[in-house]
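As structure tokens, the structure follows; a few thoughts come after it.
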Amino acid sequence: MSELEVRELKYFIAVAEELNFSRAAQRLGMAQPPLSKAIAQMESRVGVRLLERTTRQVRLTTAGQVLLDQARIAVDAVHAAARRARRAGQPAPKLVVAVKPEGDAGLLREVLAAYRGTGSHLPPPEVVVAGSGEPIAMLRDGRADVALLRSPFDGQGLDSQTLVVEPRLAVLPAGHPLAGRRRLRLADLEGEPIPRWKGAAPSNTAYYTGCDGAEAGDGHIGSAQADTPEGPLVDSVEQLLEVVALGQAVAFLSLSTTKRHQRPDIAHRPVTGLSPSAVMVAWPETSRSAAVAAFVQAAHDVAAHHPDHMTALAY
4 MSELEVRELK YFIAVAEELN FSRAAQRLGM AQPPLSKAIA QMESRVGVRL
54 LERTTRQVRL TTAGQVLLDQ ARIAVDAVHA AARRARRAGQ PAPKLVVAVK
104 PEGDAGLLRE VLAAYRGTGS HLPPPEVVVA GSGEPIAMLR DGRADVALLR
154 SPFDGQGLDS QTLVVEPRLA VLPAGHPLAG RRRLRLADLE GEPIPRWKGA
204 APSNTAYYTG CDGAEAGDGH IGSAQADTPE GPLVDSVEQL LEVVALGQAV
254 AFLSLSTTKR HQRPDIAHRP VTGLSPSAVM VAWPETSRSA AVAAFVQAAH
304 DVAAHHPDHM TALAY
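Residue numbers (this note's numbering): 4 to 318.
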């Protein structure tokens, strides 16, 4: 079997995502007949059928789904390699660090200081504060070299190391009947609407809503998630806090985040059985950068001397 070219992989991705040759051809800016021919040639060279075609529909075979997953990774890797090469060739290259607001548990400034202290031979760090989900995308497409992230996230193609694990607390309106208790159980919050984060994957939604199996232990994550009333869609901590203060929902946030956002109209309470929040440093698994290695080591050293957040449940 001869090797597939990046161009062919892009063709296949378009068809596999659109499941329609006409729309895929429009998306690629080409005519449909040469696209159909290219896909047929791919199937011949790979030696398996990738798509099932009828007069009414196109669908992926099992082999086609595998190729789609791997093709996305391969194409992203090619684009990322070119972008990283361009950045490395600049007169003054930098180590790009991606973070999202509230995503560092207060570690970032100390880590940057520790990294800078490792030697002037390393490129200076440049921090990019990105939106939800963006740090992962930046690592994959070459815009960032390393990132500080909160779990859960899709770690495919990445290496990572846990830095800090801290409890999450329930965030309630100050006048909520449960706000008078010192500690809650997940079962106490059953039936309460919980905000949904825009664009969150199902596994992330299970985590944000407390339905990731931490307490029940029965593995029925999907069922619990389906029974949780949907609160408003949010895309920032500030927006989440506002809908909670208005009595539209309750939520779960990490201890360090709640400490940064003290408000008289909101109460924070520990929750027994709620899964914790982990802050991690992540980087592309193919990275051989000395600067990335130095940053990861700096993050590890700073975290080793960081207060153990898991003992803070007496808060």
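Ideal placement from N, C-alpha and C gives every residue a C-beta, glycine not left out. All values derive from a computational prediction rather than experimental measurement.
Residue environment analysis places residue 292 among the buried positions, since at least 16 neighbouring C-beta atoms fall within 10 angstroms of its C-beta. Here residue 255 is bridged, per DSSP, to 173. Residue 309 and residue 113 have their C-alpha atoms roughly 10 Å apart. A residue is called buried once 16 or more other Cβ atoms fall within 10 Å of its Cβ, and residue 261 is buried on that count. For residue 33, no beta strand (DSSP E) encloses it, and the DSSP letter there is neither H nor E.
Following the DSSP letters along the chain, one finds residue 199 inside the beta strand (DSSP E) bounded by residues 197-200. Inter-residue distance for residue 278 and residue 156 is about 15 Å (C-alpha atoms, whole angstroms).
Take the alpha-carbon of residue 250 and the one of residue 198: they are about 11 Å apart. Annotation: the segment 86-128 contains the following complete segments of the beta strand (DSSP E) (minimum length 3 residues), in chain order: 98-102. Among the bridge pairs identified by DSSP, residue 162 is matched with 286. In the structure shown, residue 82 adopts helical secondary structure according to DSSP, grouped into three states. Exposed is the label assigned to residue 10, since fewer than 16 other Cβ atoms lie within 10 Å of its Cβ.
Of the residues assessed, residue 22 falls on the exposed side of the cut-off, its CB having fewer than 16 other CB atoms within 10 angstroms. Taken through DSSP and simplified to helix, strand or coil, residue 51 comes out as coil. Between residue 161 and residue 142, the beta carbon gap of about 6 Å places them in contact (Cβ cut-off 8 Å). Setting aside the 5 residues that flank it on each side, residue 127 is surrounded in the same chain by 97, each with a C-beta closer than 6 Å to its C-beta; the list follows chain order.
In the DSSP secondary-structure assignment, residue 151 is bridged to 284. Residue state for residue 263 is assigned as helix, using DSSP reduced to three classes. Between residue 129 and residue 257, the beta carbon gap of about 25 Å keeps them out of contact (Cβ cut-off 8 Å). Taking 9 Å as the cut-off, the beta carbon of residue 153 is found no closer than this to the beta carbon of residue 183.
DSSP lists 172 as the beta-bridge partner residues of residue 273. Remark: C-beta atoms of residue 235 and residue 177 do not approach each other more closely than 9 Å. If you draw a straight line from the Cα of residue 42 to the Cα of residue 117, it is about 51 Å long. Shortest Cα-Cα distance from residue 194 to any of 232, 211, 212 and 200 involves 232. Beyond the five residues adjoining it in sequence on each side, residue 144 comes within less than 7 Å, by CB distance, of 79, 82, 83 and 86 in the same chain, given in chain order. In the structure shown, the three-state DSSP call for residue 205 is helix. The continuous alpha helix (DSSP H) containing residue 137 extends over residues 137-144. Just measuring C-alpha positions, the residue of 103, 173 and 124 sitting nearest residue 269 is 173. Annotation: the continuous beta strand (DSSP E) that includes residue 236 extends over 233-237. Excluding five sequence positions before and after residue 12, the CB atoms of its chain that fall closer than 8 Å to its own CB belong to 74, 77 and 78, given in chain order. For residue 63, the uninterrupted beta strand (DSSP E) segment begins and ends at 61-63. By the beta-carbon neighbour count (other beta carbons within 10 angstroms, threshold 16), residue 215 is buried. One thing to note: residue 15 has its Cβ within 9 Å of the Cβ of residue 53.
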